[in-house]
Amino acid sequence: MASSSYLEPSLNHSAAGGCGVKSRLGMPGGPGTSGSAGGLERPPTSMDRVLKIFHYFETNSEPSTWASNIRHGDATDVRGVIQKIAEIHKLRCVSSLGLRLTHLHSDALHWLHPDLGVSHIREKYEKQHPQEEWRYELRIRYFPKGYLSHFSEDKPSLNYLYHQVKSDYMQQTADRVDQDVALKLGCLEIRRFFREMPGNALDKKSNYELLEKDVGLRRFFPKSLLDSLKAKTLRKQIQQTFKQFANLNDEQSIHKFFEILFPIYPFDKECFKCALGSSWVISVELAIGPEEGISYLTDKGSTPTHLANFNQVQSIQYSALEEKDRKGMLQLNVAGAPEPLTVTTASLTTAENMADLIDGYCRLVSSVPHSFIVRVHKDGDRALPSIPKVSNHEKRMEKRMDGVRTRAVCVSETDDYAEIIDEEDTYTMPSKYYGLDQARDYEIQRECIELGRCIGEGQFGDVHQGVYISSDNPALSVAVKTCKNSTSDSVREKFLQEALTMRQFDHPHIVKLMGVITENPVWIIMELCTLGELRSFLQVRKYSLDLATLILFSYQLSTALAYLESKRFVHRDIAARNVLVSTVDCVKLGDFGLSRYMEDSSYYKASKGKLPIKWMAPESINFRRFTTASDVWMFGVCMWEILMFGVKPFQGVKNNDVIGRIENGERLAMPPQCPPTLYSLMTKCWSYDPSKRPRFNELKTQLSTILEEERLQQKERSRMEMRRQVTVSWDSGGSDEAPPKPSRPGYPSPRSSEGFYPSPQHPGHYQMAGYPGPHTLPSVPSALYPPPAPMVDTHHAHTHPRHHIHTHSHTQHLPQPHGADMALWGSAVEKPDTRSSRGSLDRDEGGLQPTGSQHIYQPVGKPDHVAPPKKPPRPGAQSQVGSLACLNTADSYNDGVKPWRLQPQEISPPPTANLDRSNDKVYENVTGLVKAVIEMSSKIQPAPPEEYVPMVKDVGLALRTLLATVDETLPQLPASTHREIEMAQKLLNSDLAELIGKMKLAQQYVMTSLQQDYKKQMLTAAHALAVDAKNLLDVIDQSRLKMMAHSRPH
1 MASSSYLEPS
11 LNHSAAGGCG
21 VKSRLGMPGG
31 PGTSGSAGGL
41 ERPPTSMDRV
51 LKIFHYFETN
61 SEPSTWASNI
71 RHGDATDVRG
81 VIQKIAEIHK
91 LRCVSSLGLR
101 LTHLHSDALH
111 WLHPDLGVSH
121 IREKYEKQHP
131 QEEWRYELRI
141 RYFPKGYLSH
151 FSEDKPSLNY
161 LYHQVKSDYM
171 QQTADRVDQD
181 VALKLGCLEI
191 RRFFREMPGN
201 ALDKKSNYEL
211 LEKDVGLRRF
221 FPKSLLDSLK
231 AKTLRKQIQQ
241 TFKQFANLND
251 EQSIHKFFEI
261 LFPIYPFDKE
271 CFKCALGSSW
281 VISVELAIGP
291 EEGISYLTDK
301 GSTPTHLANF
311 NQVQSIQYSA
321 LEEKDRKGML
331 QLNVAGAPEP
341 LTVTTASLTT
351 AENMADLIDG
361 YCRLVSSVPH
371 SFIVRVHKDG
381 DRALPSIPKV
391 SNHEKRMEKR
401 MDGVRTRAVC
411 VSETDDYAEI
421 IDEEDTYTMP
431 SKYYGLDQAR
441 DYEIQRECIE
451 LGRCIGEGQF
461 GDVHQGVYIS
471 SDNPALSVAV
481 KTCKNSTSDS
491 VREKFLQEAL
501 TMRQFDHPHI
511 VKLMGVITEN
521 PVWIIMELCT
531 LGELRSFLQV
541 RKYSLDLATL
551 ILFSYQLSTA
561 LAYLESKRFV
571 HRDIAARNVL
581 VSTVDCVKLG
591 DFGLSRYMED
601 SSYYKASKGK
611 LPIKWMAPES
621 INFRRFTTAS
631 DVWMFGVCMW
641 EILMFGVKPF
651 QGVKNNDVIG
661 RIENGERLAM
671 PPQCPPTLYS
681 LMTKCWSYDP
691 SKRPRFNELK
701 TQLSTILEEE
711 RLQQKERSRM
721 EMRRQVTVSW
731 DSGGSDEAPP
741 KPSRPGYPSP
751 RSSEGFYPSP
761 QHPGHYQMAG
771 YPGPHTLPSV
781 PSALYPPPAP
791 MVDTHHAHTH
801 PRHHIHTHSH
811 TQHLPQPHGA
821 DMALWGSAVE
831 KPDTRSSRGS
841 LDRDEGGLQP
851 TGSQHIYQPV
861 GKPDHVAPPK
871 KPPRPGAQSQ
881 VGSLACLNTA
891 DSYNDGVKPW
901 RLQPQEISPP
911 PTANLDRSND
921 KVYENVTGLV
931 KAVIEMSSKI
941 QPAPPEEYVP
951 MVKDVGLALR
961 TLLATVDETL
971 PQLPASTHRE
981 IEMAQKLLNS
991 DLAELIGKMK
1001 LAQQYVMTSL
1011 QQDYKKQMLT
1021 AAHALAVDAK
1031 NLLDVIDQSR
1041 LKMMAHSRPH
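Counting from 1, one number per residue, gives the positions in the sequence shown under full-length UniProt numbering.
In structure tokens:
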């Protein structure tokens, strides 16, 4: 049985000098390696249990860095590692996968048989060379017949094979192929990599430069080709070759790539130089593959001679010959053959690799998991090891494995569950998997900690407030968890288990581990949440917390649990008592180990462990089975606790009676003031069938929607209350003085000033607030602009820094975009002060409207509708600015709420006196680009990650059309202005690259709470693109005006 293994996150904790964390992560690029730091060495018997496996699953990084870190145990075998990675990446061709070990300095290859134990392999090979000299690589080695058609139904496997073959081609063969072949293969990869790019895209200089400089031609073509051709010739050949494959989709591109490459590099078979017979009689090249079976060639170009099919092989043996040169011998018992087929190899390693290859094909063809290799147990022979016998102590440790796989290790969605044997094993992992050495990776010197008052008590120790003093943090408040009885090594390890689990998490709503002190007395140093546990917080502040805050707490917990789910961890104890309050609007999930702060009476002490019965799912109570689905049940109970302000579930019901009530269909009642949609979500979490419960990602999405709905209703209630107060103030009396006289159209009002908003990425460029500009281009949508200072999200109590921009004699204060306030940008920018001018234009809901604040020297077209000025409020009434802020806050576009407000509008700008826009292609394409940005902005928040690319592509296509039009227009403009126009074009290319980068980050962090932040950064990048497009139009128009001025007779 394969032992459990799981992905290990990157651990980046370095020594801080003085009183800092002692980092022992010596190997770059992966945690848990056998390096040393600070002069500290691990004992020879202690081996880091993290294996870095390189693979070919495509990510945003360079292909040479595609890897996963896998944590393994003593019983983990190669098959378990392969299955774990394939399961995570949804790869179905598990039986075709093999693990290859390569020595980087000698290129020695070892194919690792699935039955081999990982610890045994590492002990064997890391004695020969240091760990950093070995490379573990997951590869498709065993090909089924008709593998291309077989993999066409399994897209992840087809893509994996493609990247593997392409990598082999670029590293081994690319520099030796003809230029024509290299050009075709490179252009096919460009076609696949840029799936939606039109066939003539590379004809444009700007697109080719983007490919050449931002992506790099080295990714697609071998160095020999790039060095042998001149840049202009290379560009022409790439453009011509790319047109041949312009109409292929990504799957067709892959098949065409294989078709061209296969005659040069037959990647589906392996050849070995050897001799038939037990002595060097006939030197041959043995070929093993899906079509040939087992064949041999006597010389190159000869016809292969067939020896056997894989379904004829009955057993495989290999051994070392009794000679000094240590040649290897491979014997195959073939059905129907009078004697075994014997092959002599130059080394035992070659015989091992051949045996593994034939054995893999035999397992694949026969669809059986067992090996066909017969293990020989002669002294001196190198056979695959048998499963080692275990001691009684190790047998007891093996019994703990099920509990290990659920709470402290990752879980399978179906097979892995927690079985608790006795009380002392609850929530623990055996020291075979996590020893004190790993805890010392986070060692902090005791003199750096000043212990304070006790703030909590638990089963294994007390929790104190403390101060952590280091060179980076002069005085950082921390929580220090102490161990009551740390003299026993077993107790110390169980106590430190919480730290070993917490160190793998990095999430804003999970309590962060700061470090540990492993010497007696043992301490765990964690982030301090000053407001204590959530249950007490809810009880104390019951009358000051609104419903939106309670839903916010539930949503934050759902993001933390979705993060744990993505890392394949289960918590097993989700309850309000285990949630800590960091600030009044931020909670964090805690308690990942043995200790409990308090409320031990909430646990039912059963014969198999001490468990929180009233929070547990029925399968956990009945079978001690803990999965992500059981965590969802507990999260539903925790939400109920939050909505009930800390009331425990099933009050007055005995622990023994809880399961009976659940079996009879009884569920916790709907809390008062709980939205029906939220209670419906809770009842889904309490489905008796675990498969019918929602996943945490789904819960996170639905809670986000419920939270936004509640916030909108809250703002609507506040607005109605504000209107009621204004009406009361109006009726209470006041002066009836006439409103101030409005200014004439085209002239600035004495009560307003022109505001210019800087581009978020290019501070030197300014965009006029709410005014389309002198060339009547509509302004960028309101969701992309920063709001005035009064419009701060009520859930963010911090103060925002402000810019001071001087225009004429007035000063306007603008906040910088910051966090969640990004979505509230500029609702007031698009809605001008109604007192500013009679020249202001009313607009429909969500439309684009210029203000009356225009340049004096610009002629103004007659507006379609002139809005009369609003009366100012009477003395004592609500101010106009405050009322506007209230309205705009509710109307702003925030995380997918009311996206229809940003739908692109038909733009019919009034004509200007100086420039005719009727056939102005540049103006039309700038307008089209702004429309594309508006369209993307309106759809990006609710859209799933797979829809980001088409939206960004539309923006890119609009930009490409604009730049092509500018290239056509450029020769008509004065040469003195060309430089400035070209700089503006390059700026737009840079903006698009920034947008693409933010899109990739949003896709990369889709499973985390950072997704919304990166979505907002995408909006910021899109805003910068639209603003700089407007600036490009300004530059071109200035050039046109200059040309017109020179052409007029003097």
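Even glycine gets a Cβ: it sits at the ideal position worked out from N, Cα and C.
Nearest to asparagine 309 by alpha carbon, out of Gln504, Ala320, Gln317, Glu292? Glu292
I'd like to know if the segment 611 to 629 and the segment 527 to 535 are in contact, where contact means that at least 3 CB-CB pairs between them fall below 8 Å. no
Please name the residue in Trp640, Met514, Trp686 whose C-alpha comes closest to that of asparagine 473. Met514
Since isoleucine 316 sits in a beta bridge, which residues does DSSP pair it with? Leu332, Ile373
Determine the contact status of leucine 276 and alanine 287, defining contact as a CB-CB distance below 9 Å. no
Based on DSSP bridge pairs, tell me the residues matched to residue 1085. As displayed, the chain neither begins before 1 nor continues past 1050, which places residue 1085 out of reach and without an answer.
Supposed close pair cysteine 638, leucine 557 - CB separation, criterion 8 Å: 7 Å
What number of angstroms, rounded off, separates the C-alpha of histidine 370 from the C-alpha of glutamine 941? 50 Å
Leucine 1001 vs valine 933 beta-carbon contact at 9 Å: no
Taking the C-alpha atoms as reference points, what is the distance between tyrosine 747 and proline 945? Below a pLDDT of 50, predicted positions are generally treated as unreliable, and tyrosine 747, at 46, falls in that range; the measurement from the model is reported next regardless. Computed Cα separation, rounded: 47 Å.
Can you find the residues in the same chain that come closer than 7 Å, C-beta to C-beta, to alanine 475, ignoring five residues on each side of it along the sequence? Val467, Ile469
Reduced DSSP category for phenylalanine 645 - H, G, I as helix; E, B as strand; rest coil: coil
Meets three-Cβ-pair contact criterion under 8 Å: the segment 258 to 266 and the segment 199 to 207: no
Below 8 Å on the Cβ atoms is my guess for glycine 590 versus valine 511; work out the distance and round it to an integer in Å. 4 Å
Only counting runs of 3 or more residues, tell me where the beta strand (DSSP E) segments fall wholly within the segment 171 to 236, in order along the chain. none
Just to confirm, are tyrosine 57 and tyrosine 162 a CB contact at a threshold of 9 Å? A quick correction: the sequence has phenylalanine, not tyrosine, at residue 57. Not closer than 9 Å, so no.
Would you kindly work out how many angstroms separate the C-alpha atoms of aspartate 1013 and valine 94, rounded to a whole number? 36 Å
Is it true that the CB of cysteine 483 sits closer than 9 Å to the CB of valine 540? no
Find out if the Cβ-Cβ distance for the pair lysine 998, threonine 1020 is shorter than 9 Å. yes
Alpha carbon of leucine 973 to alpha carbon of serine 1039, nearest angstrom: 7 Å
Please report the distance separating the alpha-carbon of tryptophan 66 from that of methionine 1043. 54 Å
Cβ neighbours of alanine 958 in the same chain (closer than 6 Å, five flanking residues each side left out): Gly928, Leu929, Ala932
Cβ of serine 68 within 9 Å of Cβ of isoleucine 85? yes
Counting pairs of Cβ atoms below 8 Å between the segment 646 to 660 and the segment 701 to 708, do you hit three or more? no
Count the other C-beta atoms from every protein chain shown that fall within 10 angstroms of the C-beta of proline 114, then say buried if there are 16 or more, exposed otherwise. buried
Beta-carbon gap between leucine 248 and arginine 191 smaller than 9 Å: yes
Could you tell me if proline 612 is buried or exposed, where buried requires 16 or more neighbouring beta carbons within 10 angstroms of its beta carbon? buried
At which residues does the alpha helix (DSSP H) containing glycine 80 begin and terminate? 78 to 88
With DSSP collapsed to three states, give me the class of glycine 466. strand
How far does the alpha helix (DSSP H) with cysteine 362 in it reach, from first residue to last? 348 to 366
Sub-9 Å separation of tyrosine 555 and leucine 707 beta-carbons: yes
Tell me which residues share the same chain as tyrosine 688 and place their Cβ nearer than 7 Å to its Cβ, disregarding the 5 neighbours each side in the sequence. Pro618
Roughly how many angstroms separate the alpha carbons of glutamine 131 and proline 63, rounded to a whole number? 21 Å
Measuring CA to CA, which of Val1006, Gln312, Ala355, Arg326 is closest to proline 338? Gln312
Quick check: what's the CA-CA separation for glutamate 153 versus glycine 146? 12 Å
With H, G and I counted as helix, E and B as strand and the rest as coil, what does DSSP make of residue 1051? With the chain represented from 1 up to 1050, any question about residue 1051 goes unanswered, as that position is not in the structure.
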